[in-house]
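The working numbering puts the first residue of the sequence shown at 90, with every later residue one more than the last.
Glycine included, every Cβ here is placed at the ideal spot set by N, Cα and C.
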Amino acid sequence: MRLIFSVISKFYIYFAKSIFSFLVIILSVSCDKLLKTVPENNNPTVSSDTVAKVSAGNQTFLFGIPADSFNISSGKIKPNVFLSDILTSYGIGLQEIDMLVKNSSKVFDVKHIRSGNNYTILSEKDSIGKAKYFIYEYDPSEFYIFSFNDSLNITPYRQAINSVIKFASGTIKTSLWNAMSEAGLNQELAGSLSDIYAWTVDFFGLQKRDGFKVIYEEKYIGDKSIGVGKIYGAEFDRSGTAIFAIPLIQAGKESFYNTDGSSLRKEFLKAPMRFPRISSRFSSARMHPILRIVRPHFGVDYAAPVGTPVLSIGDGKVISTGIENESGRIVRIKHNSVYTTAYLHLSSFGTGIYAGAMVKQGDIVGYVGNSGLSTGPHLDFRFYKNGYAVDPLKVDAPPVEPVLEENMEKFEKIKTVILNLFGTFN
């Protein structure tokens, strides 16, 4: 994997060498596993420098195969369709398929073929049109070539992934998502930042002129982006206060910390959903939209489409699931001896969610619905402290373990690098 330095936004050529030196330090101090993220590219069966389709002279090569002498067709694996259903329609017998699967069982297990993934078939240019190659796209960089020639086998084909290290910044006008879109940035970056700051920034209460800076990795195959990778550092300016995210591997796991070494991860997520809209807040006297009477609303309503995943805001034990009159389908979770949460009006429950089940922070406990007494699809989220309902938006959750004393020296080095980088970009 090659590391390519991308100059965008406020980058200046003058600073390129010094900035790259900083990144080398980051790589050596805290990101030593970065070059190992795609180890299979080191020894590909087919050269990883070969793109899926290339031309050499008057010939066209597709996945390293001379393709001019074949008919080429492609499609997506459909639900409940077996590999044999596709191949037999191209003249491949069940015995050939069985032999190929057995010959290459250690290379690729055909049970891993998933609906929705792409495939390409190279077939003979005659009246029979028998398939000679079936190419399955496992992911954007990894393919498997099923060969139906003299030898029946499966060969892995991998394309080189290039990591481009980028800097981006933006100012919030309406939402983080829109700010990313307006800046022409990969939308995955909004998800990455919201995950990092989920415990410390209320993304539903952002104000104009709040902003962000981030140094990150974007992965490419050729000129095509296939997603955002590692975040090297971030800064989120919230109401004039800068909250930094400094990465550090501690106890074998990478987490993000503020400049004082405190963890950005709290015991609870700020919200049980990603990027929803608050439609009603916690109140001791609210006009009920259906009953048209004033009564307390001891929760926060998040408006979202039916089927939107609802997440557990923290580790805990499911104490009940079911249908409760006006609340509709509901899940209750006990997080510890003090805190309990409830998720109301669900359309359905998450997989494995039942009374007595243990959940982790971020697990899907259900999906937004309109069950019970409700005017439209939304989640009514409730938070209880010592059995009493409290405003979820005002809960001050305790942080998890900070940077340990024995790791503080390494953390200070990484912090210095990140702060110097952000200072360079100002």
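Collapsed DSSP secondary structure at residue i in the structure displayed
i, result
"Asp-284", "helix"
"Lys-191", "helix"
"Ile-175", "helix"
"Leu-180", "Looking at the sequence itself, residue 180 is Gly, so the reference to Leu does not match. It is coil, neither helix nor strand."
"Gly-388", "coil"
"Ser-409", "strand"
"Lys-219", "coil"
"Pro-415", "In the sequence as presented, Pro is not what sits at residue 415; that position holds Glu. Helix at Glu-415."
"Leu-468", "strand"
"Leu-435", "strand"
"Pro-481", "helix"
"Cys-120", "Here the model assigns Cys-120 a pLDDT of 41, short of 50, so the residue's position is not dependable, and the following value carries that caveat. The answer is coil: DSSP assigns Cys-120 none of H, G, I, E or B."
"Leu-508", "helix"
"Lys-200", "helix"
"Arg-256", "The question names Arg, but residue 256 in the sequence shown is Phe. Here Phe-256 sits in strand by DSSP."
"Leu-278", "helix"
"Ile-503", "helix"
"Thr-513", "helix"
"Ile-453", "strand"
"Ile-261", "coil"
Own chain residues within Cβ distance below 6 Å of residue i, not counting five before or after
i, result
"Tyr-246", "Val-135, Phe-152, Phe-232 and Ile-234"
"Asn-206", "Ile-166 and Glu-226"
"Leu-358", "Ala-287 and Ile-402"
"Lys-406", "Lys-423 and Met-447"
"Glu-343", "Pro-336"
"Ser-409", "Arg-421 and Ala-444"
"Ile-507", "Gly-322 and Ile-335"
"Phe-197", "Tyr-233 and Ile-243"
"Lys-302", "Ser-258, Glu-324 and Phe-511"
"Ile-412", "Arg-418"
"Gly-316", "Glu-277 and Lys-308"
"Pro-488", "Ser-351, Ser-352 and Lys-355"
Chain-order list of residues whose beta-carbon lies under 8 Å from that of residue i (same chain, five-residue window excluded)
i, result
"Asn-475", "Val-427"
"Ser-368", "Asp-390, Tyr-391, Ala-392 and His-467"
"Lys-219", "Tyr-179, Gly-180, Ile-181, Ser-212, Glu-213 and Phe-237"
Sequence-distant residues of the same chain with beta carbon closer than 7 Å to residue i, five excluded per side
i, result
"Leu-353", "Ile-285, Tyr-286, Trp-288, Thr-289, Ala-334, Phe-345, Tyr-346 and Asn-347"
"Glu-490", "Ser-352"
"Ala-331", "Glu-324"
"Ala-168", "What sits at residue 168 in the sequence shown is Pro, not Ala. For Pro-168, where only same-chain residues beyond five positions count, the Cβ hits under 7 Å are Ser-204."
"Ala-279", "Leu-265, Trp-266 and Met-269"
"Asp-157", "Gln-148 and Thr-149"
"Val-190", "Val-199"
"Thr-429", "Arg-421, Ile-422, Lys-423 and Tyr-473"
"Arg-327", "Val-290 and Asp-299"
First and last residue of the uninterrupted alpha helix (DSSP H) at residue i
i, result
"Ser-270", "265-271"
Endpoints, the beta strand (DSSP E) within which residue i is located
i, result
"Gln-339", "330-339"
"Gln-248", "No beta strand (DSSP E) contains Gln-248, which DSSP labels as neither H nor E."
"Glu-490", "Premise fails: Glu-490 is in no beta strand (DSSP E) and is neither H nor E."
"Tyr-443", "From DSSP, Tyr-443 is part of no beta strand (DSSP E); its letter is neither H nor E."
"Gln-148", "148-151"
"Pro-398", "398-400"
"Arg-366", "366-369"
"Arg-526", "With the chain running from 90 to 515 in the structure shown, residue 526 is simply not present."
"Gly-316", "313-327"
"Phe-64", "This structure leaves residue 64 out entirely; the chain is present only between 90 and 515."
"Gly-300", "300-310"
"Asn-160", "159-165"
"Phe-292", "Here Phe-292 belongs to no beta strand (DSSP E), and DSSP marks it neither H nor E."
"Asn-459", "Neither: Asn-459 is in no beta strand (DSSP E) and is coded neither H nor E."
"Asn-206", "From DSSP, Asn-206 is part of no beta strand (DSSP E); its letter is neither H nor E."
"Ser-236", "231-237"
For residue j and residue i, believed in contact at Cβ under 8 Å, the rounded distance
i, j, result
"Lys-319", "Glu-306", "5 Å"
"Lys-308", "Ile-250", "5 Å"
"Glu-356", "Ala-257", "Contact doesn't hold; Cβ gap of about 30 Å is too wide."
"Ile-304", "Gly-322", "5 Å"
"Ile-154", "Gly-180", "Not quite, the Cβ-Cβ distance comes to about 18 Å (not below 8 Å), so this is no contact."
"Gly-396", "Ser-436", "7 Å"
"Gly-300", "Thr-263", "Rounded, the Cβ-Cβ distance is 13 Å, inconsistent with contact."
"Ile-210", "Ser-162", "5 Å"
"Asp-404", "Gln-450", "5 Å"
"Gly-350", "Met-188", "At roughly 60 Å, the Cβ-Cβ gap does not stay under 8 Å, so Gly-350 and Met-188 are not in contact."
"Gly-455", "Gly-441", "About 11 Å separates the two Cβ atoms, so there is no contact after all."
Residue-chain proximity (residue i, chain C), Cβ-Cβ < 7 Å
i, result
"Asp-349", "This model lacks chain C altogether, as it is built from one protein chain only."
Per the contact definition of three or more C-beta pairs closer than 8 Å, is the stretch 465-483 in contact with the stretch 385-403? The stretch 385-403 vs the stretch 465-483: in contact.
Three CB pairs or more closer than 8 Å across the stretch 397-407 and the stretch 354-370: Using a C-beta cut-off of 8 Å, the stretch 397-407 makes contact with the stretch 354-370, since at least three inter-stretch Cβ pairs fall below that distance.
At a cut of 8 Å, does the stretch 410-423 reach the stretch 452-460 through at least three beta carbon pairs? Because the criterion of three Cβ pairs below 8 Å is met, the stretch 410-423 and the stretch 452-460 touch.
Are the stretch 215-228 and the stretch 264-284 touching, with three or more C-beta to C-beta distances below 8 Å? No: fewer than three Cβ pairs fall under 8 Å.
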